[in-house]
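**Student:** Numbering (my numbering) for the sequence shown: -12 to 289. Take a look at the following structure, please.
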Amino acid sequence: MKTEKEQRLLGASKTFDSGLSRFNLSAWDDLLSSDVILHKDGITLFDDLHGRNSVRGYFQAYIDRYSYEHIPITGAVDEHSNVAFSFHVDKDVTPKKEAYQGQHAAGQAKPTSTLGIFFLRFNREERVQEIFFLRQLSHDEAARKLKTIPDYSKLSIDDALKYRGSEEQSEKRAQKHDHAASLYNHIWATGDVSLADKIFAKDVSLYSLIYGGEKEGLDTFKSMVSGIFKEYEVKDNRSTVAVSAGNKAFIFWRITGVYQGDWTQNYGLSLLVFNSADKVQDVLTLMTPFPGQRRQLLKAEE
């Protein structure tokens, strides 16, 4: 059973989602702190936005430019860290003709459904102080910003909607999932892939939601991490975990270090989905791009 504070944080997270669902950000009037920060994602936003008006303006621009259906899938809160997570789909995202006549003329205005995760950090008054938000790109955004349009077909929207579940969680399972999420983050902080055997199903599926693609299998995960750590010197890694909905855990992580010769600070949002044996079956990850990755991905004008 959720505590009163957990219920308040969950309610605040739902209010945040409702502003996007109803295309009316007045729902955020009493939710955002006056000095709220929206952190850059490195693809659609290259500098942090400060203040309620700037943050609302960023999301209002999205509402003004696109038609879509915003559907929250699952969420979680952690009262000790004062945070909330929300995993959602924006279904049938379509550029409005009056906003993107060129895209309509070029055939780039076809509907796209996108997945994303919000991470909200609250202040002592339980108003949103920080927003970390990562999502897939709509087809027209990818065509405008990226050299190659990512393949998002590996995880369909119908598959993602299956991650819905009750918000109640047995205490025993919650503790297992919280511990597994902490071990998962420790793997990425240290490169110690031996820990993966303790938490992953052998046929685990790994989805890169922003950049596209899927990897499968425990051994594949180990090889991927080991390969990255040959080129990555981690200086600092911090994370926040919240468990949710019977068989899921969210992770926010921020990592600082040197990767392929570039000094970089990245953050990411991951959703771990557990099977009936409490092993991680699916990993959905969104993260900001490394400097070298940005050079490879983004068109010159971006």
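The beta-carbon is built from N, C-alpha and C at its ideal position, and this holds for glycine as well. Fair warning: this is a prediction, and the values are worked out from it, not measured in the lab.
1) Could you tell me which whole alpha helix (DSSP H) segments of length 4 or greater appear in the stretch 116 to 178?
2) Here's the rule: buried if 16 or more other CB atoms are within 10 angstroms of the residue's CB, otherwise exposed. What is residue 263?
3) Examine the Cβ distances between the stretch 266 to 286 and the stretch 124 to 133 and report whether three or more of them are shorter than 8 Å.
4) What are the start and end residues of the alpha helix (DSSP H) that includes residue 3?
5) To the nearest angstrom, report how far apart residue -1 and residue 38 are at their CA atoms.
6) Leaving out five residues on either side along the sequence, give the residues of the same chain with a beta carbon under 6 Å from the beta carbon of residue 216.
7) If we ignore side chains and look at the alpha-carbon of each, how far apart do residue 24 and residue 6 end up?
8) Under the assumption that residue 103 contacts residue 281 (Cβ atoms under 8 Å), give the Cβ distance between them as a whole number of angstroms.
9) Answer with buried or exposed for residue 159, where buried requires no fewer than 16 other C-beta atoms within 10 angstroms of its C-beta.
10) Please state the DSSP three-state secondary structure of residue 34.
11) I want to know whether the stretch 68 to 88 touches the stretch 113 to 132 - three or more CB-CB distances under 8 Å.
12) Under the rule that 16 or more other beta-carbon atoms within 10 Å means buried, what is residue 157, buried or exposed?
13) Taking 9 Å as the cut-off, decide whether the C-beta atoms of residue 18 and residue 69 are in contact.
14) Can you tell me whether residue 11 is buried or exposed? The criterion is at least 16 other CB atoms within 10 Å of its CB, across all chains shown.
15) Whole angstroms is fine: what's the gap from residue 55's alpha carbon to residue 4's?
16) By the three-class DSSP mapping on this structure, what secondary structure does residue 235 have?
17) Which term fits residue 310, buried or exposed, when burial requires 16 or more other beta carbons within 10 angstroms of its beta carbon?
18) Express the C-alpha separation of residue 78 and residue 8 in angstroms, rounding to a whole number.
**Tutor:** In short, the structure shows the following:
1) 126 to 132, 144 to 148 and 158 to 177
2) exposed
3) yes
4) -9 to 8
5) 18 Å
6) 178
7) 17 Å
8) Not really, about 19 Å apart at Cβ, beyond 8 Å.
9) exposed
10) coil
11) yes
12) exposed
13) no
14) exposed
15) 13 Å
16) strand
17) Examination of residue 310 is not possible in this model, given that the chain is present from -12 through 289 alone.
18) 11 Å
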